[in-house]
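Peer 1: Questions regarding the structure given below will be posed in turn.
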Amino acid sequence: PLYSSTPPPFGHALKTHFSFDPSYVNLNHGSYGSLPSPVLDAIKPIAALAEANPDKFHRTEYIPMLVEVRRRLANLMSEKEGDVSVDEVVCVPNASHG
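In our numbering, each residue's number is its place in the sequence shown (first place is 1) plus 152.
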(Lines of atoms letter the chains of each structure in order from A and count residues from 1; the text may use other names and numbers.)
(Lines give C-alpha, C1' and ligand atoms only; values in the text may rest on other atoms or scores of the structure.)
Protein backbone atom coordinates (compact mmCIF):
# COMPACT_ATOMS: atom_id res chain seq x y z
CA PRO A 1 0.00 0.00 0.00
CA LEU A 2 0.97 3.57 -0.58
CA TYR A 3 2.78 5.13 2.38
CA SER A 4 3.41 1.74 3.98
CA SER A 5 6.85 2.84 5.10
CA THR A 6 8.54 6.02 6.20
CA PRO A 7 10.13 7.84 3.26
CA PRO A 8 13.92 8.12 3.35
CA PRO A 9 15.43 11.45 4.38
CA PHE A 10 16.47 13.86 1.64
CA GLY A 11 20.09 14.39 0.78
CA HIS A 12 22.86 11.82 0.67
CA ALA A 13 20.73 9.08 2.25
CA LEU A 14 18.36 9.22 -0.72
CA LYS A 15 21.19 8.40 -3.15
CA THR A 16 21.17 4.78 -1.98
CA HIS A 17 17.72 4.39 -3.56
CA PHE A 18 19.13 5.00 -7.06
CA SER A 19 21.47 3.00 -9.30
CA PHE A 20 24.02 5.80 -9.59
CA ASP A 21 27.73 5.05 -9.83
CA PRO A 22 29.12 5.80 -6.35
CA SER A 23 31.46 8.45 -7.78
CA TYR A 24 28.63 10.24 -9.64
CA VAL A 25 26.95 13.34 -8.23
CA ASN A 26 23.70 14.02 -10.10
CA LEU A 27 23.18 17.74 -10.58
CA ASN A 28 21.09 17.50 -13.76
CA HIS A 29 17.49 17.28 -12.61
CA GLY A 30 15.95 18.66 -15.78
CA SER A 31 17.19 16.74 -18.81
CA TYR A 32 17.33 13.16 -17.62
CA GLY A 33 15.15 11.73 -14.90
CA SER A 34 16.68 8.79 -13.08
CA LEU A 35 14.30 6.24 -11.64
CA PRO A 36 14.58 5.13 -8.03
CA SER A 37 15.62 1.46 -7.83
CA PRO A 38 12.21 0.28 -6.51
CA VAL A 39 10.50 1.93 -9.49
CA LEU A 40 12.99 0.37 -11.90
CA ASP A 41 12.34 -3.03 -10.31
CA ALA A 42 8.57 -2.54 -10.61
CA ILE A 43 8.65 -1.75 -14.34
CA LYS A 44 10.89 -4.67 -15.34
CA PRO A 45 7.99 -7.18 -15.57
CA ILE A 46 6.00 -4.72 -17.69
CA ALA A 47 8.96 -4.18 -20.02
CA ALA A 48 9.42 -7.95 -20.29
CA LEU A 49 5.73 -8.35 -21.13
CA ALA A 50 5.99 -5.72 -23.86
CA GLU A 51 9.16 -7.23 -25.30
CA ALA A 52 7.81 -10.79 -25.29
CA ASN A 53 5.03 -9.93 -27.74
CA PRO A 54 5.06 -6.23 -28.72
CA ASP A 55 2.05 -6.44 -31.05
CA LYS A 56 -0.16 -8.11 -28.45
CA PHE A 57 1.03 -5.75 -25.72
CA HIS A 58 0.35 -2.55 -27.67
CA ARG A 59 -2.90 -3.78 -29.21
CA THR A 60 -4.60 -5.43 -26.24
CA GLU A 61 -2.72 -4.98 -22.95
CA TYR A 62 -1.32 -1.44 -22.87
CA ILE A 63 -4.58 0.56 -22.84
CA PRO A 64 -6.22 -1.41 -19.98
CA MET A 65 -3.02 -1.02 -17.95
CA LEU A 66 -2.95 2.72 -18.67
CA VAL A 67 -6.60 3.10 -17.65
CA GLU A 68 -5.84 1.29 -14.38
CA VAL A 69 -2.93 3.65 -13.68
CA ARG A 70 -5.18 6.64 -14.37
CA ARG A 71 -7.86 5.19 -12.06
CA ARG A 72 -5.33 4.76 -9.26
CA LEU A 73 -3.98 8.27 -9.76
CA ALA A 74 -7.51 9.70 -9.70
CA ASN A 75 -8.12 7.88 -6.43
CA LEU A 76 -4.82 9.16 -5.00
CA MET A 77 -5.73 12.74 -5.94
CA SER A 78 -9.25 12.51 -4.51
CA GLU A 79 -10.03 13.70 -1.02
CA LYS A 80 -12.97 11.32 -1.08
CA GLU A 81 -13.75 8.66 -3.67
CA GLY A 82 -15.02 10.12 -6.92
CA ASP A 83 -13.68 13.66 -6.42
CA VAL A 84 -11.37 13.22 -9.40
CA SER A 85 -12.61 11.38 -12.48
CA VAL A 86 -10.38 9.03 -14.47
CA ASP A 87 -11.20 11.24 -17.46
CA GLU A 88 -9.48 14.17 -15.72
CA VAL A 89 -6.18 12.28 -15.36
CA VAL A 90 -3.73 12.28 -18.26
CA CYS A 91 -0.35 10.56 -18.40
CA VAL A 92 2.33 12.41 -20.38
CA PRO A 93 5.95 11.49 -21.20
CA ASN A 94 7.43 14.26 -19.03
CA ALA A 95 6.59 17.40 -17.08
CA SER A 96 7.11 19.76 -20.03
CA HIS A 97 5.06 17.73 -22.55
CA GLY A 98 1.67 18.98 -23.70
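Every residue gets a Cβ at the ideal spot worked out from N, C-alpha and C, and that includes glycine.
Where in the stretch 154-193 do unbroken runs of the beta strand (DSSP E), each at least 3 residues long, occur, reported from the N-terminal end onward?
Peer 2: none
Peer 1: Find out if the Cβ-Cβ distance for the pair methionine 229, valine 236 is shorter than 7 angstroms.
Peer 2: In the sequence shown, the residue the question calls residue 229 occupies position 77. In the sequence shown, the residue the question calls residue 236 occupies position 84. Closer than 7 angstroms, so yes.
Peer 1: With C-beta atoms as the reference, is serine 171 less than 7 angstroms away from serine 157?
Peer 2: Within the sequence shown, the letter at position 19 stands for residue 171. Within the sequence shown, the letter at position 5 stands for residue 157. Cβ distance not < 7 angstroms, so serine 171 and serine 157 don't count as in contact.
Peer 1: Counting along the chain, where does the alpha helix (DSSP H) carrying glutamate 231 start and finish?
Peer 2: Against the sequence shown, residue 231 aligns to sequence position 79. Careful: glutamate 231 lies outside any alpha helix (DSSP H) and carries neither H nor E.
Peer 1: Three-state secondary structure (DSSP) at valine 219?
Peer 2: As a working mapping, residue 219 is identified with position 67 in the sequence shown. Correct three-state label for valine 219: helix.
Peer 1: Look at the Cβ atom of leucine 218, then the Cβ atom of phenylalanine 209, and state whether they are nearer than 7 angstroms.
Peer 2: Within the sequence shown, numbered from 1, the residue matching residue 218 stands at position 66. Within the sequence shown, numbered from 1, the residue matching residue 209 stands at position 57. Taking 7 angstroms as the Cβ cut-off, leucine 218 and phenylalanine 209 do not qualify as a contacting pair.
Peer 1: Proline 206 to leucine 192, Cα distance in whole Å?
Peer 2: Against the sequence shown, residue 206 aligns to sequence position 54. Against the sequence shown, residue 192 aligns to sequence position 40. Each residue's alpha carbon lies about 20 angstroms from the other.
Peer 1: Return the Cβ separation of leucine 255 and valine 241 in integer angstroms, given the expectation that the two are a contact with Cβ distance under 8 angstroms.
Peer 2: Outside the modelled stretch of the chain, which goes from 153 to 250, sits residue 255, for which no answer is possible.
Peer 1: Helix, strand or coil: how does DSSP classify valine 238 here?
Peer 2: Position 86 of the sequence shown holds residue 238. Helix, per DSSP.
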